[in-house]
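One gets this note's numbering by counting positions in the sequence shown from 1 and adding 17 to each. Heads up, the beta-carbon is just placed ideally off N, CA and C, and yes, glycines get one too. Everything on this sheet refers to the single structure shown next.
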Amino acid sequence: AYPQPGRLFVHELVHVWQFTHRRRARTLATAIWEQVRHLRGTNVYHLAATPPEWDAMTLEQQATVVDRWFAGSSPTRAPMDADSPYRRFVEHVRHG
Numbered sequence: 018a019y020p021q022p023g024r025l026f027v028h029e030l031v032h033v034w035q036f037t038h039r040r041r042a043r044t045l046a047t048a049i050w051e052q053v054r055h056l057r058g059t060n061v062y063h064l065a066a067t068p069p070e071w072d073a074m075t076l077e078q079q080a081t082v083v084d085r086w087f088a089g090s091s092p093t094r095a096p097m098d099a100d101s102p103y104r105r106f107v108e109h110v111r112h113g
C-alpha cells in the first residue's frame, strides 16, 4: 500500500534506475525471482531497522528504502529528510 501521492511512482522509478545501471538480463532475472519469492510468501520488501549496504539489499528493498525516504516513512518520519539515515541510499541513486 502506497498512501502518499507519488510514492509508488518513486518506487517504480528506482526499478527503472536499477535496470539502466546494471546488467539488464541479470536484473530482469533477479526481479522475476524476487516476485516468485513474494508470491510464495517471502516479504521481499522488508527492511531491517538499520538497512544493510545498498548492494546487500534486494531490488525491492532498494526501491522501498528510497520510496520510504520520499514519503516520510523513514526513521525520522519527515518526507525527503536530509537528516534521514535513508538519505545515503537516495544519494547513491542520484550519483549513479
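Problem - Reference L64; option with closest CA among G89, G58, T75 and V31 - result: For the purposes of this step, residue 64 is taken as residue 47 along the sequence shown, with counting starting at 1. Looking at the Cα atoms, T75 is the closest of the given residues.
Handout entry: Boundaries of the alpha helix (DSSP H) in which H32 is found, first to last residue
Key = The sequence position of residue 32 within the sequence shown is 15, counting from 1. Residues R24 to H38.
Handout entry: Per-residue burial, A66 [other beta carbons within 10 Å of its own, 16 or more giving buried]
Key = For the purposes of this step, residue 66 is identified with residue 49 of the sequence shown, where counting begins at 1. Exposed.
Exercise for the section: Mind checking which residues open and close the alpha helix (DSSP H) that includes T47? Expected result: Residue numbering aside, residue 47 sits at position 30 when the sequence shown is read from its first letter. Per DSSP, T47 belongs to the alpha helix (DSSP H) from R41 to L56.
Practice task
Could you tell me whether the Cβ atoms of P68 and Q52 are closer together than 8 angstroms?
Solution key: Taking the first residue of the sequence shown as 1, we reach residue 68 at position 51. Taking the first residue of the sequence shown as 1, we reach residue 52 at position 35. Going by C-beta atoms, P68 is not nearer than 8 angstroms to Q52.
Practice task
Count the CB pairs spanning the stretch 39–58 and the stretch 19–29 that are closer than 8 angstroms, and state whether there are at least three.
Solution key: Cβ pair count under 8 angstroms is below three, so no.
Problem - Status (buried if at least 16 other CB within 10 Å, exposed otherwise) for R85 - result: As a first step, residue 85 must be located in the sequence shown, where it is residue number 68. Per the 10 Å Cβ criterion, buried.
Problem - Spatial distance of T37 from A46 (CA atoms) - result: Numbered from its first residue, the sequence shown carries residue 37 at position 20. Numbered from its first residue, the sequence shown carries residue 46 at position 29. The straight-line gap from Cα to Cα measures roughly 14 angstroms.
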